[in-house]
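Per this note's numbering: the sequence shown = residues 141 to 312. To start, the structure under review is shown below, and the notes come after it.
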Amino acid sequence: MQAALRLCVTRRASAAVEFAISGLALFAFIMAILNFGLLGFSLGTLAHSVQATARKAAVYASNQYATTGIMTCPDAAMITTFFNGYAQPPLPGAGTATGSNPLITATWTNNSSGAGGGAEWNGVYLTLTVKYLWSPVGFNMFVKGIPLSITTAATVMGSFDIPTVVSPSCQS
Numbered sequence: 141m142q143a144a145l146r147l148c149v150t151r152r153a154s155a156a157v158e159f160a161i162s163g164l165a166l167f168a169f170i171m172a173i174l175n176f177g178l179l180g181f182s183l184g185t186l187a188h189s190v191q192a193t194a195r196k197a198a199v200y201a202s203n204q205y206a207t208t209g210i211m212t213c214p215d216a217a218m219i220t221t222f223f224n225g226y227a228q229p230p231l232p233g234a235g236t237a238t239g240s241n242p243l244i245t246a247t248w249t250n251n252s253s254g255a256g257g258g259a260e261w262n263g264v265y266l267t268l269t270v271k272y273l274w275s276p277v278g279f280n281m282f283v284k285g286i287p288l289s290i291t292t293a294a295t296v297m298g299s300f301d302i303p304t305v306v307s308p309s310c311q312s
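This is the structure we're talking about:
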């Protein structure tokens, strides 16, 4: 009992207790800063990957038309391969199944006749949407995930000014 009384009188342990209390808050603040940076990095990677994938798919379709005379658009598996080439390793591998994370949705629209009027673009174009549920590091029990979604569109060059033969793969 006297040892505890001496420790209380000299206040040697007060610095350790104060550090234990403030250290937790400091650690949580540092982890929040780290997660904010990782969120920005993931969002930037996602945006770049979606834009580059849509561009590559549109160029692929344009090249198919130039070589074969038929506009053939890449299927979902090929678009997923394109995306994974740009997004990995920062983001996990993507898929087109409902439970995939990231989830890729690719919609090809054939308006090469220009029949849509002013509401739609003329030509064959791809609307690509990627949804990703980002999970923070160290805060999984408090935050289950932050949904990120990026949508972009890419027009297949040459599909809007010349009569083209469009395969069914470009009409999903």
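Just so you know, even glycine gets a beta-carbon here, dropped at the ideal spot from N, CA and C. Note that the structure is predicted; figures quoted are calculated from it, not measured.
Item                                                                                               : Value
C-beta contact flag for VAL283 and LEU178 at 8 Å                                                   : no
Sequence-distant residues of its chain with Cβ nearer than 6 Å to MET269 (five each side left out) : Sequence inspection shows Thr at residue 269; the Met mentioned does not correspond to that position. Cβ neighbours of THR269 beyond the five flanking positions: THR245 and THR291.
Residue from ALA153, THR249, VAL157 and MET211 with nearest C-alpha to ALA293                      : THR249
Distance, ALA197 Cα to PRO214 Cα                                                                   : 6 Å
Cutoff 6 Å; reference SER289; Cβ partners in own chain excluding five residues on either side      : LYS271
Assigned secondary structure, VAL264 (DSSP; H/G/I helix, E/B strand, else coil)                    : strand
CA-to-CA distance, PRO287 to TRP274, given in whole angstroms                                      : 6 Å
Residues that DSSP places opposite PRO287 in a beta bridge                                         : LEU273
For ASN241, the residue or residues it bridges with in DSSP                                        : ASN241 pairs with nothing; no bridge assigned.
Which of helix, strand or coil DSSP assigns to THR212                                              : coil
Identity of the residues DSSP links to ASN250 by a beta bridge                                     : VAL264
Nearest-angstrom beta carbon gap, ALA201 and THR212 [assumed within contact, 8 Å]                  : 7 Å
GLN191 beta carbon near the ligand NAD (any heavy atom closer than 7 Å)                            : This structure lacks the ligand NAD; in fact it carries no ligand of any kind.
At least three beta-carbon pairs within less than 8 Å, the segment 160-168 to the segment 202-210  : no
Rounded distance between the beta-carbons of ALA234 and ALA247, thought under 8 Å                  : In the sequence as displayed, the identity of residue 247 is Thr instead of Ala. THR247 to ALA234, Cβ: 16 Å. No contact.
Where ALA153 falls: helix, strand or coil (DSSP)                                                   : coil
Local conformation of GLY278 per DSSP, three classes                                               : coil
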